[in-house]
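Below: one structure, written as structure tokens.
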Amino acid sequence: MRKEAETMYQKLMTCLESVRKKTDFKPEIALVLGSGLGDFAERIQIEQIIKYTDIEGFPVSTVEGHKGCFVFGYVEKTPVVIMQGRVHYYEGYPMSDVVLPIRLMGLLGAKKLLLTNAAGGANPSFHPGDFMLITDHITTGVPSPLIGPNIDELGTRFPDMSEVYSRRLQAVIRKCAAECGIKLQEGVYVQFTGPNYETPAEIRLAQRWGGDAVGMSTACEAMAARHMGMEVCGISCITNMAAGISKEALNHEEVQETADRVAIYFRKLVEKVVVNM
61 MRKEAETMYQ KLMTCLESVR KKTDFKPEIA LVLGSGLGDF AERIQIEQII KYTDIEGFPV
121 STVEGHKGCF VFGYVEKTPV VIMQGRVHYY EGYPMSDVVL PIRLMGLLGA KKLLLTNAAG
181 GANPSFHPGD FMLITDHITT GVPSPLIGPN IDELGTRFPD MSEVYSRRLQ AVIRKCAAEC
241 GIKLQEGVYV QFTGPNYETP AEIRLAQRWG GDAVGMSTAC EAMAARHMGM EVCGISCITN
301 MAAGISKEAL NHEEVQETAD RVAIYFRKLV EKVVVNM
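Counting along the sequence shown from 1, when you hit position 177 you're at 237 in our numbering, and nothing is skipped either side.
If you want it as structure tokens, here you go:
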């Protein structure tokens, strides 16, 4: 078992060495861009761009609309590393590969992590185009990224998850949203595997669990980051109402259209949050 952990850690170290050959930039904040936010990285003061395909051993996203690169630079004076496109469990990667980019950004120096995503609204009071502050999550539908031998170099075997999403950063996001004049919903994010959208019965289950939004990413990334001691926060863009709430058939085009429609407000909020984290 320890040998398996060493193999995973060595893969991570190989990626780290590959990146360090290209840049010595040290970020303070890591940011994962979900659907509709991809071009946010192009608006910052860019110092270096590294394609995922140029990092030895790095998993590569296959999802249309996800650009697939790290962008290093500054949001005002804050040094950041930004993921343009994430890796999803439904693409067939083991969960250790799905969270490898998060761990890598932590090893590059990032102490804080802002996760963003496109999500389906399971709370009937939500509307497409709303933003939801993630206050907690449920990952019953996907394997924990910490299953298997523990990588002791990253964190403890049994990490506390009573505050995955930093209360301090939640307060920062609320304040920033108010200053931007952006209405902010709050709720619990439920991660399912995808790539299929959830059934109406699964949405009813998520609601009974206490879920407000559903998606195919994010929560596993947050767990891996907390395992490493990173301070985490997250914002969902509600791009559609979930199955059984919406009377329309769900499709990726609708998700992208809504994300694009509210992208200008999402970018404004994210930029303000990063500067104030």
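Virtual Cβ for every residue (Gly too), placed ideally from N, Cα, C.
{"query": "Rounded straight-line distance, which links the Cα of Gly98 to that of Thr318", "result": "14 Å"}
{"query": "Enclosing beta strand (DSSP E) for Ala266 [first to last residue]", "result": "Here Ala266 belongs to no beta strand (DSSP E); instead the alpha helix (DSSP H) covers Pro260 to Trp269."}
{"query": "Length at least 3, wholly inside the stretch 284-310: the beta strand (DSSP E) runs in chain order", "result": "291-301"}
{"query": "Within the stretch 83-118, ranges of the beta strand (DSSP E) (whole runs, at least 3 residues)", "result": "89-93 and 105-111"}
{"query": "Beta strand (DSSP E) segment containing Pro139, residue limits", "result": "Thr138 to Gln144"}
{"query": "Lys172: first and last residue of the uninterrupted alpha helix (DSSP H) it sits in", "result": "Here Lys172 belongs to no alpha helix (DSSP H); instead the beta strand (DSSP E) covers Lys172 to Gly181."}
{"query": "Inter-stretch contact (C-beta, 8 Å, three-pair minimum) for the stretch 326-334 and the stretch 228-247", "result": "yes"}
{"query": "Buried/exposed call for Gly152, threshold 16 Cβ in 10 Å", "result": "exposed"}
{"query": "Opening and closing residue of the alpha helix (DSSP H) in which Tyr325 lies", "result": "Ala323 to Asn336"}
{"query": "Expected contact under 8 Å - CB spacing of Arg146 and Val92 to nearest Å", "result": "6 Å"}
{"query": "For Met276, the residue or residues it bridges with in DSSP", "result": "Answer is none; Met276 lacks a bridge partner."}
{"query": "Nearest-angstrom Cα separation, counted from Gly133 out to Ala90", "result": "11 Å"}
{"query": "Segment contact, 8 Å Cβ cut-off, at least three pairs: the stretch 179-190 with the stretch 292-300", "result": "yes"}
{"query": "Own chain partners of Val135 with C-beta closer than 7 Å, once the 5 adjacent residues on each side are dropped", "result": "Ile104, Glu331, Val334 and Val335"}
{"query": "Cβ pair Glu116, Ser156 closer than 8 Å", "result": "no"}
{"query": "Cβ-Cβ separation, Val250 to Val261 (assumed contact under 8 Å), whole Å", "result": "Here residue 261 is Ala; the residue named in the question, Val, does not match the sequence. Between Val250 and Ala261 the Cβ distance is about 14 Å, and since that is not below 8 Å, they are no contact."}
{"query": "His197 beta carbon less than 8 Å from that of Ala282", "result": "yes"}
{"query": "Boundaries (first-last residue) of the beta strand (DSSP E) holding Ile198", "result": "Phe191 to Ile198"}
{"query": "Backbone secondary structure at Glu246 - three-state DSSP", "result": "strand"}
{"query": "Bridge-paired residues (DSSP) for Phe132", "result": "Gln108 and Val141"}
{"query": "Coil, strand or helix - Tyr257 by DSSP", "result": "coil"}
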